[in-house]
Structure formats: structure tokens, C-alpha cells
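J.: Take 1 as the starting number for the sequence shown in UniProt numbering and just add one per residue.
Provided herewith is a single structure, encoded as C-alpha cells, for subsequent inquiry.
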Amino acid sequence: MENKFLFLFTITPVQSFINQARKAQDLYAGSFMLSHFSKAAANKLKMEFDCEIIFPDIANNSIPNRFAAVVNVNENEAQAVGDSLQKAVEAEIKRIGDSVINGLKINKPNGFDEQLSSYFTVSYLFVPYNEDDYKQCYSELESLMGAIKSVRAFSQYPDSERGRKCSICGERNVKFYRMAENEKDIERIKKLKLFSNDVYAVKNSDYRELGPRYLQAGEGLCGVCFTKRGLDRAGIPEYKAKFPSTSKIALFDAFKQLREKRGDLGTIIDSDNYEPQGIFALKNNKNLDDFPELSEMEKKNTRELYEAMEDYKISYSPYYAVMLFDGDSMGEWLSGNKIKDEKLKEFHKELTKKLGEFANAVRDTIKEPLGVTVYAGGEDFLGFFNIKYLLEGMKHLRNKFNELVNLPLKDFYADNTYNMTFSAGAVIAHIKTPLSEVLNWARKVEQEAKDIDDTKDAFAIAVLKHSGEIEKTVFKWRVNDTYTTDLMSKIVTEINNDRLSNTFIKKLNQELIKLLDKDGNYRDDNIIKAEIKRLLMRSFMKTKDEDEDAFKKRKAETAKELQLHNLLIHSNGVRNFLNFLNITDFIARQAKGGAA
């Protein structure tokens with residue numbers, strides 16, 4: 001006799017797997033692989049068993065590492081259903097690994113399969129399902145899965161101790177290695193540096209066998225990280241084989257301007273036949289000798305793009321941004337704590353639909369020149385932005401989430417004052433800053449945004465300057481019904497249109513610190529308010545086409561719009577407020593080209 005079961009499936013790890021990346025392509029590949037494996041299991045369940053997938057929408061391009069379904073199955077066969085999905089994922093992992101090796105036409109080193117197969121953990125469970133008690137069944141399911149995830153099984157393979165560790169993850173032994181320029185003897189390197197013969201090694205200058213796109217000089221990768229790097233050879237149609245580098249993302253707006261001036265250069269821009277980092281090298285008065293892997297054609301194209309941007313005086317910055325967000329208190333929403341009685345299953349299904357619509361809208365919007373989407377699963381997002389469009393993109397995502405997810409679901413909420421929101425972390429970084437460090441900071445500031453108060457609904461921005469200096473600020477998305485990012489955008493626009501000098505920001509940094517007590521609090525709010533107004537009003541700049549009356553009117557209107565004193569009141573301290581202004585000034589400078 002068939003019974004109904006509520007089924008939950010997960011594949012892990014997630015964050016560590018995605019974050020272990022040197023290149024933007026690595027980051028995208030890790031995110032894609034988890035979504036791909038989860039989708040492989042969900043599709044098998046849907047095709048071979050009588051089921052109803054509750055969430056997510058598996059038709060979405062990206063889905064999370066987990067899904068829930070109602071499955072009709074004989075109690076004695078439930079285990080077999082889970083096992084079949086696990087085997088499907090394991091088979092797909094092996095198929096992808098083999099496809100990468102075969103696609104690159106290289107030999108598979110011993111231990112490669114073991115590294116791949118032992119890395120991922122599949123977990124699943126069934127609980128008896130009662131249609132009239134969906135909320136309780138789901139609560140039990142989540143509780144049991146939490147217990148399972150708290151105990152991770154480990155498997156050990158023979159070479160897990162001795163050997164050089166992967167350049168990216170630092171966890172597993174190197175299986176693929178490109179010799180550095182001063183290294184000549186492969187066998188000697190295997191013995192004295194890699195401590196293993198089970199390594200596929202290539203000479204530094206041998207780009208025909210394995211190009212630098214897959215392995216750079218002196219780089220050693222394990223089987224897991226190498227599979228991510230070579231995923232374009234796995235024959236997966238949905239995979240973006242040409243995910244842009246952080247250097248190219250930093251050039252997105254400059255390339256947009258260049259296309260408008262020189263449409264004939266669009267073919268080069270869209271190709272892989274140049275080096276974006278080389279453009280920054282030339283800008284810094286260096287040559288292309290640091291890129292020995294480039295062909296003469298690639299060097300020629302790189303110079304042509306650089307010289308064209310110089311001719312047209314197109315400015316560009318070596319800084320880009322990473323942003324991620326995650327739905328606030330999603331555990332409470334999914335558990336039904338904020339949902340009307342007897343509505344949880346319907347809410348789950350409608351939430352799945354709305355998150356899918358939102359994810360599609362995100363991918364349609366966050367693309368060149370704004371940026372590029374790594375992952376848009378619905379309530380969470382990871383992507384890159386050209387620095388010029390960061391503030392615009394952040395506001396757009398927050399607006400769209402409210403429009404496409406929160407408002408349409410209001411009828412399900414137990415209290416009409418409830419709102420589904422998200423908190424975001426954004427990091428502005430130099431193209432030479434290690435990507436793993438940038439991602440770690442993005443996770444860190446996202447958590448700081450969530451910790452702002454009990455209602456969350458906030459964002460944090462950090463700047464990792466090439467000099468090593470770090471500044472960060474955290475604010476609620478809105479201050480008195482005005483988007484906080486709009487205030488930043490207004491200051492950026494005024495500064496870059498030469499209508500406001502950034503001297504008021506520098507002066508505020510000097511003056512406000514003097515007005516703080518020993519605990520960092522300001523003593524007299526009226527004095528602070530007057531000082532902010534005085535310094536701001538003195539920093540406005542009169543434009544050529546303005547008469548005195550128009551200038552006075554603009555100053556008054558802009559000062560009122562910026563509401564800086566009100567922003568300070570809503571800030572978690574004076575330092576956070578000053579960092580807000582400093583980061584805004586930094587964005588303004590970099591949007592005009594900045595310093596490489």
C-alpha cells in the first residue's frame with residue numbers, strides 16, 4: 001500500500017565549496033555544480049516516482065542545494081527512492097569529472113575519482129505526511145535534517161596525508177600541476193615538491209596540452225578544484241563557458257562607452273582574444289611581458305583596446321564589487337511561524353513561484369554593463385557589479401524583491417505588518433585582491449547587516465583598498481522612507497558633476513571626531529547638526545549656467561534631500577556615519593576612473 005511522505009533532499013558542502021575560488025569562473029562553476037547536482041536529483045524524482053515537488057521551482061536556471069517534495073511510495077520502498085537519487089548524483093559527479101578529463105585530452109591521475117566522490121555529501125529523509133498537518137510534518141522534517149547535518153560522515157582515501165595541498169582549497173592533494181618558469185625537471189618536482197607521482201604535471205610553456213586558463217604557472221589543483229576550473233569541457237549546455245573575469249567586470253562600463261565610439265571593436269571585446277588585466281598593466285605604464293602566455297594576436301588586441309580608450313579619454317577603475325544577499329529569517333517563514341493557519345503548503349508553493357519570477361528578473365537585469373549574476377536562486381543572490389552601477393543595482397534588487405515576492409504574498413501573512421525582506425553584503429575590491437578574501441568579507445558584512453536589529457532588512461558595504469585600508473558601513477535599506485543607497489547615489493552624482501566638493505567629507509572626518517566624548521558618543525546634538533550643515537553648505541560649487549538665486553535654491557534643496565543629520569541619527573555611531581560618507585566619496589572617485 002502506498003503512503004504519502006514528506007521528503008527533503010540536500011547536497012553539501014555549499015559555502016566552502018563555492019568560496020574556494022581564485023577566479024570568477026571558479027566561483028560561478030562551484031555555484032553551478034551544486035545547482036546542477038540538486039537539479040539532477042529533483043528531475044530523477046519527478047520522472048521516475050509519483051511526487052509533487054513543493055520547492056524550489058526546478059525549471060529555474062539556478063536552484064538551491066536542497067528540495068522538498070511530497071512522495072507517494074510504499075513504506076518499504078522509501079529508502080530505495082532516496083538511494084536512487086543519491087546514486088544519480090554520484091553518477092553525475094563521476095560523469096562530469098570524466099568529461100573534463102576527456103574534454104581536455106589529458107590522463108587521469110590516480111586518486112582523482114576518490115577526491116571527487118568523497119567530497120560531496122548527500123542527505124535525505126522521509127517523514128509520514130498528513131495533508132491536514134503539513135506544518136507539523138514540515139517542522140519535524142527540518143528538525144531531523146538539522147540533526148543529520150550536525151554529524152558529517154568522513155571518508156579517508158590513501159593519499160590524504162602526504163603531499164602538497166591544492167593552491168585553492170588547501171585541503172586535498174595536488175593532482176594537476178603546471179611547473180613554474182624556473183622549474184625544468186618534472187620527475188624531480190614530483191619527488192621534492194609535490195611528494196607524489198600521482199600528479200598530472202605539464203611544463204610551464206606547454207600551453208597546447210593544457211592552457212593557462214585551466215592551470216597557471218606554479219599552480220597545483222586537486223581533483224575537485226580542477227573539475228570546477230575545467231567545467232566548460234564537461235559538455236553541459238547551460239554552463240557559461242565564458243564567465244567574465246573580475247578585470248573585465250571592472251571594464252564593463254568603459255567597454256560600453258567604447259562600443260558607442262568604435263562599434264568595430266565590439267568583436268574583440270566579446271572574444272577571449274585579449275587580456276583585460278593587460279589593459280590595466282598598460283594603464284600603469286607597464287608592458288605585456290608579464291603575460292607570456294599571450295599570443296601576438298592577443299597582445300595586439302589588448303593594446304588596441306587600451307589605446308582606443310586612451311584616444312577617447314574613457315576612464316575606468318581597477319575596482320569592482322561583489323554583492324550577496326539572503327532572505328531574512330527564512331527559517332521562520334518556511335516553518336509557518338508568520339503564516340496564517342492551514343496555509344503553509346499553499347504558501348510554500350506560491351513562494352516557490354514568486355521566488356522563481358524574481359530570480360528570472362534578476363538574471364535579466366544584472367548583466368553587462370551593470371554586472372553579472374553568479375547565482376540567483378530566489379531568496380539568495382551572488383553576483384558581481386561594475387563599481388559605477390553598484391548602488392543602482394542594490395536598490396533595484398531590493399525594490400524587485402518587494403514588488404515580486406513580498407507584496408504578492410501578503411495575503412498569507414498572519415499579521416499585515418509583516419514583510420519578507422533580505423539583507424545584503426557588498427564588497428568593493430581591487431582586481432588584485434584575492435577573490436577568496438573578497439568573498440569572506442562579503443559573507444562577514446552580510447551577517448553584520450543581518451545583526452543590525454531584530455527586523456534586519458539592511459545592507460552593509462565594505463571597501464578593501466589596494467593599500468590595505470578597510471572601511472565598512474551598515475545601514476537599514478530605508479531611512480524615513482528614503483532608500484539609503486539613493487542618498488549615496490545623490491552625493492556621487494553631485495561630486496562627479498562638479499556641483500559638490502568632497503571637502504565636506506574630509507572636514508567632517510576631522511571635526512566630528514573632536515566633538516565625541518571618551519566613549520565615542522557626541523555630546524551636543526545641536527552642535528553636530530549645525531556643523532554638518534555648515535560644512536555641507538560651504539562645499540557646494542556653483543556651475544557656469546547658474547545665477548545666484550538658482551545656486552542658493554539648489555543648495556537648500558540638495559541639503560534637504562541628503563538629510564545628513566537624520567542619517568547620523570539612524571547610524572550605529574559616528575564612525576559608521578563617517579565611513580558611509582568616505583565609501584560614498586570612494587565610489588565617486590572610482591566611477592570617474594580612480595587610480596589603478
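Don't be surprised by glycine CBs; every beta carbon is placed ideally from N, CA and C.
Which value, in whole angstroms, describes the spacing of the CA atoms of residue 596 and residue 353?
T.: Translated into the one-based positions of the sequence shown, residue 596 becomes position 596. Translated into the one-based positions of the sequence shown, residue 353 becomes position 353. Note on residue 596: pLDDT 47, under 50, position unreliable in the model; the coordinate value appears next. Cα to Cα, residue 596 sits roughly 44 angstroms from residue 353.
J.: Name the DSSP bridge partner or partners of residue 327?
T.: Sequence index remark: in the sequence shown, residue 327 carries index 327 (1-based). Looking at the DSSP assignment, residue 327 forms a beta bridge with 422.
J.: Identify, in the order they occur along the chain, each residue of the same chain with its Cβ nearer than 7 angstroms to the Cβ of residue 81, setting aside the five sequence neighbours on each side.
T.: The sequence position of residue 81 within the sequence shown is 81, counting from 1. The residues are 49, 71 and 73.
J.: Would residue 116 pass as a contact of residue 97 if the rule is Cβ separation under 8 angstroms?
T.: The count along the sequence shown starts at 1 and reaches residue 116 at position 116. The count along the sequence shown starts at 1 and reaches residue 97 at position 97. Yes, the Cβ-Cβ distance between residue 116 and residue 97 is below 8 angstroms.
J.: Which residue's Cα is closest to the Cα of residue 597: 268, 43 and 529?
T.: There is simply no residue 597 to check, as the chain begins at 1 and stops at 596 in what is shown.
J.: How many Å lie between residue 201 and residue 268 at the Cα?
T.: The residue you call residue 201 lines up with position 201 of the sequence shown. The residue you call residue 268 lines up with position 268 of the sequence shown. Their backbone Cα atoms lie some 32 angstroms apart in a straight line.
J.: Which residue marks the beginning of the alpha helix (DSSP H) containing residue 119, and which one marks its end?
T.: Here residue 119 refers to the residue found at position 119 of the sequence shown. 112-119 is the span of the alpha helix (DSSP H), which, as asked, contains residue 119.
J.: Hey, residue 355 and residue 379: beta-carbon distance below 8 angstroms or not?
T.: Walking along the sequence shown from the start, residue 355 turns up at place 355. Walking along the sequence shown from the start, residue 379 turns up at place 379. Against a cut-off of 8 angstroms, the Cβ pair of residue 379 and residue 355 comes out as a contact.
J.: Cα separation between residue 370 and residue 384?
T.: Here residue 370 refers to the residue found at position 370 when the sequence shown is read from its first residue. Here residue 384 refers to the residue found at position 384 when the sequence shown is read from its first residue. Between residue 370 and residue 384, the C-alpha separation is close to 9 angstroms.
J.: Excluding the 5 residues preceding and the 5 following residue 249 in the sequence, name in chain order all residues of the same chain whose CB lies nearer than 8 angstroms to its CB.
T.: Within the sequence shown, numbered from 1, the residue matching residue 249 stands at position 249. Here residue 249 has 24, 320, 371, 372, 384, 385 and 386 as same chain residues with Cβ atoms under 8 angstroms from its own Cβ, once five neighbours each way along the sequence are excluded.
J.: Identify the continuous alpha helix (DSSP H) that holds residue 379 and give its terminal residues.
T.: Numbered from 1 along the sequence shown, position 379 holds the residue referred to as residue 379. It is not in any alpha helix (DSSP H) - residue 379 carries neither H nor E in the DSSP assignment.
J.: Using only the alpha-carbon positions, how far apart do residue 187 and residue 180 sit?
T.: Counting from 1 along the sequence shown, the entry for residue 187 is found at position 187. Counting from 1 along the sequence shown, the entry for residue 180 is found at position 180. For residue 187 and residue 180, the distance between alpha carbons rounds to 14 angstroms.
J.: Can you find at least 3 beta carbon pairs, one from the region 249-258 and one from the region 398-408, that sit closer than 8 angstroms?
T.: The region 249-258, when compared against the region 398-408, does not touch it at the 8 angstroms Cβ threshold.
J.: Please find out if some non-hydrogen atom of the ligand MN comes closer than 7 angstroms to the beta-carbon of residue 405.
T.: Among the ligands in the structure shown, none appear at all, so the ligand MN cannot be discussed.
J.: Below 7 angstroms CB to CB, which residues in the same chain sit around residue 281 once its five sequence neighbours on both sides are set aside?
T.: Numbered from 1 along the sequence shown, position 281 holds the residue referred to as residue 281. 288 and 290.
J.: Kindly indicate the opening and closing residues of the alpha helix (DSSP H) around residue 399.
T.: As a working note, residue 399 is residue 399 in the sequence shown. Taken as a continuous stretch (DSSP letters only), the alpha helix (DSSP H) holding residue 399 covers 390-401.
J.: In this structure, does DSSP put residue 251 in helix, strand or coil?
T.: The residue labelled residue 251 in the question sits at position 251 within the sequence shown. Three-state result, residue 251: coil.
J.: Starting from the N-terminal side, write out each stretch of the beta strand (DSSP E) that is 3 residues or longer and does not extend beyond the region 161-206.
T.: 176-178 and 200-202
J.: Which one or two residues does DSSP pair with residue 430 in a beta bridge?
T.: Translated into the one-based positions of the sequence shown, residue 430 becomes position 430. BP columns for residue 430 point to 319.
J.: Going residue by residue through the region 460-496, where are the continuous alpha helix (DSSP H) segments of at least 4 residues, counting only ones entirely within it?
T.: 484-496
J.: If I'm right that residue 134 touches residue 349 with Cβ under 8 angstroms, what's the distance once you round it to whole angstroms?
T.: Along the sequence shown, one-based indexing puts residue 134 at 134. Along the sequence shown, one-based indexing puts residue 349 at 349. That belief does not hold up - the Cβ atoms of residue 134 and residue 349 are roughly 11 angstroms apart, past 8 angstroms.
J.: Just list the alpha helix (DSSP H) runs in the region 9-39, keeping only unbroken ones of 4 residues or longer that don't cross its boundaries, in chain order.
T.: 15-19
J.: Drop a sphere of 10 angstroms on the beta-carbon of residue 214, count the other beta-carbons inside from all chains shown, and report buried for 16 or more, exposed for fewer.
T.: Against the sequence shown, residue 214 aligns to sequence position 214. Buried.
J.: So for residue 56, helix, strand or coil by DSSP?
T.: For the purposes of this step, residue 56 is taken as the residue at position 56 of the sequence shown. Three-state result, residue 56: coil.
J.: Which value, in whole angstroms, describes the spacing of the CA atoms of residue 196 and residue 173?
T.: Reading the sequence shown from its first residue, position 196 is the one you call residue 196. Reading the sequence shown from its first residue, position 173 is the one you call residue 173. Straight-line Cα distance between these residues: approximately 9 angstroms.
J.: Can you tell me whether residue 159 is helix, strand or coil according to DSSP?
T.: In the sequence shown, the residue the question calls residue 159 occupies position 159. With a pLDDT of 49 at residue 159, under the threshold of 50, the modelled position of this residue cannot be trusted, and the question is left open.
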